[in-house]
Every structure is written in C-alpha cells, then in structure tokens.
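Contents: one structure, followed by commentary.
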Amino acid sequence: MALVALASAKGSPGVTTAGLVLGALWPRPVLLAECDPSGSDVAIRMTAPGNQPLNSDRGLVSLAAAGRKGLSDEVILAHSQQLDGGLDVMIGVRSAEQIGGMGGLWSPLGISFNQMHSADVIADCGRIGPSSPQLPVIQAARLVVMVCSATGSSVAHLRERLSSLVHHVDAQLGVIVVADPKRRDGVKQVWSVLDAMSVPIQHRWHLAYDPVGAAFFDGRGHGRLDRTPLIRTAGEITAEMAAVAARPTQRDFDMAQAAFPEGDSGYSPEEGEYR
C-alpha cells in the first residue's frame, strides 16, 4: 500500500475537503490521516455512524503515546475511527499547542503510513513550510500533491513552495487546482506557470470549486451528492491518483535492496510485489 500526502502552500484552498472526497471515493481500503499541526477540522465537521460525535481524544495524540514501541498496522488502526459513511480517519491534534506532545513521532509515522499492509493512507498535511513539523510525513510519501486555487497569490506561493519542496522529497509530485468548472482559462494559466518552472510536476488535476458539493463534507449537504460537479471531477482524479499510488517506485526497490543487500529480497519492480 502507499502514502499520498496532500498539502497547500498558503491559506485554505480546500485540502481537508479534497482529502475527504478522495478518501470517500478511493477504490481500495484507505485511512485519512489528519497531519495538519494547526488543528483538526474533521472532528468538527464530520460525525461518526449514527450521527454521533467523533472522539477528539482518539487519534494522532493518543497514537503518539501508544506508538513509542512501534507503529504496526494494528496500533495505527486502533487509534483511528470511522466516519458516518464508512471512511476510516485518524483525527489530528485539537490545537497547535498539542504538537509538542508529538515528539519525534513524525518521521516513523510517515514511514509506517507508507508501509501499511492493510490500507493506503491519504495524509492531510495542511499548510507546509520549510520548518513544518509534519514535513517528514511528506518526505515519506510515494505521491505528494499540492492543492491550490486559481488566484494569483495562491499560485505564487505554490511556485515558491514547489521550488523548495523538490529538494526535500523523492516522490512524484502532483498539483490539484480547485477552481470553478467554468474558469478553465484560470486553470490553464496555472499550468502555464508550472510549465515555466524547472520542477517536474508529473500529475495535474482540476477539482471543481463547488460549495454545494463541499457542504456534504461539512455536515450541511442536501440533495444528490453524486450529481455535484465536485464528485464528478473527484471521481476521475481519485482513479488516476490511486493508480499512481499503486505503482512501485525506484525508491521502493532501493529500500528493498538496502534491507537485503545480498540481492535476495524477492522484490520484483516489474511485477510490483514480493515473491
């Protein structure tokens, strides 16, 4: 399985909503992990089955205390919970002040997320910068996706963050532009900015800015979710993103070789599995 990290360079372009939508449509078992140090949104916006409140004390902070002796799939899932609708989530910190209690968990957490056997992980990493504590999670991901809007300031910050990020990650990079479906020219302008950069952006997606659809992921939705532009565009993105995450990378092969230096790892990069 694989870790996909979602992040933004500035403001709130919709990273959490994108994570919830992608997780809801993901074709394989998946865990949505809130790794945003500014505080959890999911616990406020969403509910557990039966319209019950989520347990804000069960999540990343409780995992930090329990996972000091190891972060197996069982330990990670024991500190996750299920949303109404069936998506498994790892609730983030309640406030930025709780980040201090995370200690050195970020690095092993990222590695463990990327090596889970039972599920893929989509990590909502929120806004990132050079000194962001959640950066090790992003560095461990197989696919890093930056989310932005089609505004000039958002794109400018995206360009600067990508220029820095490319030196710190060894993952495939993607960009999701959240924009009105009618603003295709604005999306094309974002692609033009990316084309002018030396940073290799392997994947580009346009997610519809759709307040009606987004309301379903904020506990306020009415009507048919499947008919909204948000879901229509997210369906195509999810299928492509899940396929990218499923492909073995050269880094996976290198890690197997490091673990088995005699060359007897049994790992086949062509087949993408251990024999």
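So for the sequence shown, our numbering puts the first residue at 58; every next one is plus one. Every residue gets a Cβ at the ideal spot worked out from N, C-alpha and C, and that includes glycine. Quick caveat: nothing in here was measured; it's all calculated off a predicted structure.
Backbone secondary structure at residue i - three-state DSSP
i: M254; result: coil
i: A105; result: strand
i: Q139; result: strand
i: S220; result: helix
i: G76; result: helix
i: D242; result: helix
i: A59; result: coil
i: P268; result: helix
i: D185; result: For the sequence presented, residue 185 should be read as Ile rather than Asp. Coil at I185, not helix or strand.
i: G71; result: coil
i: S95; result: coil
i: W83; result: coil
i: R44; result: Since the displayed the chain opens at 58 and closes at 332, residue 44 lies outside it and no answer follows.
i: H214; result: helix
i: L111; result: coil
i: G209; result: helix
i: G157; result: helix
i: S175; result: coil
i: L134; result: helix
i: A315; result: A caution first: A315 carries a pLDDT of 48, below 50, which makes its placement in the model too unreliable to give a value.
i: G323; result: Note that G323 scores a pLDDT of 43, beneath 50, so its modelled location is shaky and nothing firm can be said.
i: L282; result: helix
i: G329; result: Confidence is the limiting factor: at G329 the pLDDT is only 44, short of 50, which leaves the residue's position unreliable, though a coordinate-based value still follows. Looking at G329 - three-state DSSP - the assignment turns out to be coil, as it is neither helix nor strand.
In DSSP terms, what residue i is bridged to
i: W262; result: I233
i: D227; result: For D227, which the question treats as bridged, DSSP gives no partner whatsoever.
i: M203; result: A64, V232
i: A90; result: M147, A180
i: G116; result: I148
First through last residue of the alpha helix (DSSP H) which encompasses residue i
i: I195; result: 192-197
i: F170; result: 163-171
i: P286; result: 286-303
Nearest to residue i (by Cα), restricted to the options the options
i: P190; options: W163, I179, D177; result: W163
i: H225; options: A236, I185, V212, G209; result: I185
i: I148; options: E154, H136, D141; result: H136
i: K239; options: S220, A207, V99; result: A207
i: V58; options: A122, A176, D141, L166; result: Per the sequence shown, residue 58 should be read as Met rather than Val. Closest by alpha carbon: A176.
i: T73; options: H279, C205, M298; result: C205
i: K67; options: G209, Q139, A253; result: G209
i: A271; options: A64, L60, A121, P70; result: P70
i: G143; options: I195, G127, R85; result: R85
i: V223; options: S169, R241, M203, V212; result: M203
i: G167; options: R199, L140, I156, G157; result: R199
i: D141; options: A302, G276, R284; result: G276
i: L170; options: I133, A100, F274, D242; result: According to the sequence shown, residue 170 is Phe rather than Leu. Minimum Cα distance to F170 is reached at I133.
i: A11; options: V201, V150, T285; result: In the structure displayed, the chain extends from 58 to 332; residue 11 sits before or after that span and is not available.
i: S119; options: F273, I156, L282; result: I156
i: S220; options: V256, L77, R125; result: V256
i: A64; options: A300, D283, Q196, F273; result: Q196
Next on the checklist: Is it the case that the region 111-121 contacts the region 80-87, given that we only count it when at least three CB pairs across the two stretches are under 8 Å?
Outcome noted: no
Item to check | the region 173-186 in contact with the region 87-100 per 3-pair CB rule at 8 Å | outcome: yes
Checklist entry - Contact between the region 199-219 and the region 96-105: three or more CB pairs below 8 Å? => result no
Next on the checklist: I want to know whether the region 260-269 touches the region 225-233 - three or more CB-CB distances under 8 Å.
Outcome noted: yes
Next on the checklist: Under 8 Å: do the region 264-271 and the region 285-298 share three or more Cβ pairs, one atom per stretch?
Outcome noted: yes
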